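So the sequence shown is residues 158 to 543, counted in the working numbering.
All C-beta atoms, glycine included, are put in the ideal place defined by N, C-alpha and C.
From a predicted model like this one, the values you see are computed outputs, not experimental measurements.
In what follows, a single structure is set out as structure tokens and then discussed.
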Amino acid sequence: MSRSDNLESKLSECKSITCIMDILFEENLINAEQSKLLYSKPRRIGCVQLGKVEGMLFGVPIGDTLGSPFEGKPPSEGNFRVINDYLPEAHITDDTQLTFWTLEVFLEMGWFDPKVLADRFSSEWIIGIGSSIRRFIRNYKDLGKPWYLSGVESAGNGALMRLSPVVIPHLINPTRELWSDAVVTTYLTHNDRLAISFAVAFANILWELLRKDEPPEPEWWIREYVNVAREVEGDFTQYSPRFGKFKSYSGPAWEFVEKILERALSNEWSPLDLNTAVGSGAYLLETVPMALYTMMLYADDPTKAITTAVSSSKDSDTVGAIVGYLIGALHGVKAFPEHLLGPVLNGGLMPLTFLEVVNNVETFLVNQAKGNVVKVVSGGESCEHG
Ligand SMILES: [Mg+2]
158 MSRSDNLESK LSECKSITCI MDILFEENLI NAEQSKLLYS KPRRIGCVQL GKVEGMLFGV
218 PIGDTLGSPF EGKPPSEGNF RVINDYLPEA HITDDTQLTF WTLEVFLEMG WFDPKVLADR
278 FSSEWIIGIG SSIRRFIRNY KDLGKPWYLS GVESAGNGAL MRLSPVVIPH LINPTRELWS
338 DAVVTTYLTH NDRLAISFAV AFANILWELL RKDEPPEPEW WIREYVNVAR EVEGDFTQYS
398 PRFGKFKSYS GPAWEFVEKI LERALSNEWS PLDLNTAVGS GAYLLETVPM ALYTMMLYAD
458 DPTKAITTAV SSSKDSDTVG AIVGYLIGAL HGVKAFPEHL LGPVLNGGLM PLTFLEVVNN
518 VETFLVNQAK GNVVKVVSGG ESCEHG
């Protein structure tokens with residue numbers, strides 16, 4: 158048996174993502190540090206509010222659609238726009254499709270089976286597809302490479318935009334598999350140290366937001382992000398911004414994000430100032446500072462956060478989708494104004510099958526919680542009274 162046949166058969170015997178991640182690390186295939194954080198258990202969530210899960214999931218189509226007419230069009234001082242409502246031509250794009258397809262696979266298989274995810278991602282037309290996902294599909298579908306060798310070394314946004322589903326399987330019974338899900342679902346399409354470390358950092362942020370009742374302080378976002386991203390990226394990488402005032406920087410991405418966000422906060426930059434300084438195109442080193450800074454400024458004001466995310470950024474649908482899932486996880490679905498949430502709930506924006514996915518996710522959580530100490534409360538209920 159050749160080495161690749163052997164690897165193929167070892168992976169095909171895995172029935173969990175953790176098993177797959179361990180083998181991929183053993184084979185030196187994953188571009189990331191095998192940090193001990195990936196083997197730690199996330200903190201327990203005593204009471205799971207379905208309203209927060211709905212907020213996290215519906216935040217994606219809201220931000221995605223709001224931003225879709227402006228994707229790739231950078232805002233500028235002379236061309237500032239305030240986007241408060243869906244334009245007639247607005248629609249969902251890849252951010253929403255990939256998020257809900259990921260959940261469909263989870264509901265069907267009981268886990269994020271990467272081979273099935275690869276099939277799902279390459280089976281249907283993707284709206285506004287990014288270049289890395291396109292290359293992944295070419296590798297997997299056209300060139301017939303195995304799923305575990307089809308991901309490209311890219312720090313594009315295509316994995317972070319569809320990250321939110323990874324927390325769902327773990328809400329009732331948290332295990333280290335949360336981190337494996339973030340690593341492997343990212344590795345599948347974006348086998349890149351920056352993409353994988355950012356995914357784990359955002360999985361942690363989402364997890365903490367689902368536990369919180371109050372918006373955290375601005376500094377919290379920097380600290381929480383750096384603590385995790387650094388572990389998985391390591392200290393010896395050499396990333397440089399591709400645009401803006403700080404092009405001479407070369408070093409770890411987590412350190413760049415930390416410095417930029419500290420500077421933005423202490424100098425009271427507007428999101429537009431941040432866009433001018435580092436850009437906000439389809440590259441994680443631009444998207445992530447923009448998404449985090451928007452949350453640092455407006456975590457207590459969901460409408461302001463999501464409209465600012467799309468108004469002030471170039472990859473506006475994706476920054477919108479990311480801020481959408483963060484703000485939704487923090488405040489729950491009730492936080493979104495009717496004019497933005499209504500068209501999602503009545504099927505005007507998303508296929509009805511995606512709405513069914515949300516219902517099925519809730520049924521999954523309620524069933525999983527039966528006989529468990531973790532309480533699950535529905536949309537309008539709070540944990541104290543539920
Ligand atoms: Mg998009």
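Residue j beta carbon less than 8 Å from that of residue i
i	j	result
Ile283	Asp251	yes
Val515	Glu211	yes
Asp179	His496	no
Leu135	Gly438	Because residue 135 is not part of the residues shown, which for the chain are 158 to 543, the question remains open.
Lys553	Lys471	Lying outside 158 to 543, the shown extent of the chain, residue 553 is not represented and no answer is given.
Pro446	Leu487	no
Val518	Ile325	yes
Thr510	Ile479	no
Val533	Val523	yes
Asp474	Asp221	yes
Phe269	Thr332	no
Leu442	Tyr396	yes
Arg387	Trp411	yes
Ser205	Ile329	In the sequence on display, residue 205 carries Val and not Ser. Contact flag set, yes.
Leu181	Tyr305	yes
Ser225	Ala247	yes
Tyr440	Ala421	no
Gly408	Gly436	no
Glu165	Pro303	yes
Leu483	Ile219	no
Leu244	Val262	no
Val613	Ala360	Outside the shown range of the chain, which is 158 to 543, sits residue 613, and nothing can be said about it.
Per DSSP, the bridge partner or partners of residue i
i	result
Lys101	Residue 101 is absent from the structure shown; the chain starts at 158 and stops at 543.
Lys532	Cys204
Val309	His347
Closer than 8 Å to chain C by CB, residue i
i	result
Thr460	Here chain C cannot be found, since the structure has a single protein chain.
Presumed contact (8 Å Cβ cut-off) between residue i and residue j, rounded CB distance
i	j	result
Leu335	Pro199	5 Å
Glu313	Gly287	The residue asked about is misnamed: residue 313 is Gly in this sequence, not Glu. About 5 Å separates the two Cβ atoms, so the contact holds.
Val239	Thr464	7 Å
Gly315	Ile290	5 Å
Thr253	Val217	5 Å
Asn195	Val340	One detail in the question is off: residue 195 reads as Leu in this sequence, not Asn. About 7 Å; that satisfies the 8 Å criterion.
Ser337	Ile174	4 Å
Met507	Ile249	6 Å
Phe521	Leu264	7 Å
### Message
To test your reading of the DSSP string, which unbroken alpha helix (DSSP H) runs of 4 or more residues are found completely within the segment 445 to 508?
### Response
For the segment 445 to 508, whole alpha helix (DSSP H) runs of length 4 or above, ordered along the chain, are 459 to 468, 473 to 488, 495 to 502.
### In chain order, each alpha helix (DSSP H) run of at least 4 residues that lies wholly inside the segment 362 to 450
Here the runs fully enclosed are 375 to 390, 410 to 423, 428 to 435.
### Message
Which runs of the alpha helix (DSSP H) at least 4 residues long sit entirely within the segment 213 to 252? Give them in chain order.
### Response
Counting whole runs of 4 or more residues, the segment 213 to 252 contains no alpha helix (DSSP H) stretch at all.
### Message
Three or more C-beta pairs under 8 Å: does that hold for the segment 389 to 399 against the segment 360 to 376?
### Response
Verdict: no, contact absent.
### Task
Mind the definition here: the segment 188 to 198 touches the segment 448 to 455 only if three or more C-beta pairs lie below 8 Å; say whether that holds.
The segment 188 to 198 makes no contact with the segment 448 to 455; the number of CB pairs closer than 8 Å stays below 3.
### Query
Does the segment 315 to 322 touch the segment 159 to 178, meaning 3 or more C-beta pairs lie closer than 8 Å?
They do not touch, by the three-pair rule.
### Message
Across the segment 426 to 433 and the segment 334 to 353, are there enough close Cβ pairs to call them in contact, namely three or more that are closer than 8 Å?
### Response
In short, these stretches do not touch, since the Cβ pair count stays below three.
### Contiguous alpha helix (DSSP H) assignments of at least 4 residues, all confined to the segment 266 to 338
If we require 4 residues or more, the alpha helix (DSSP H) runs fully inside the segment 266 to 338 come out as 271 to 278, 288 to 294.
### Message
With a threshold of 8 Å, are at least 3 pairs of Cβ atoms found where one atom belongs to the segment 263 to 283 and the other to the segment 497 to 508?
### Response
They do not touch, by the three-pair rule.
### Stretch-stretch touch, CB-based, cutoff 8 Å, three pairs: the segment 202 to 218 with the segment 486 to 495
The segment 202 to 218 is in contact with the segment 486 to 495.
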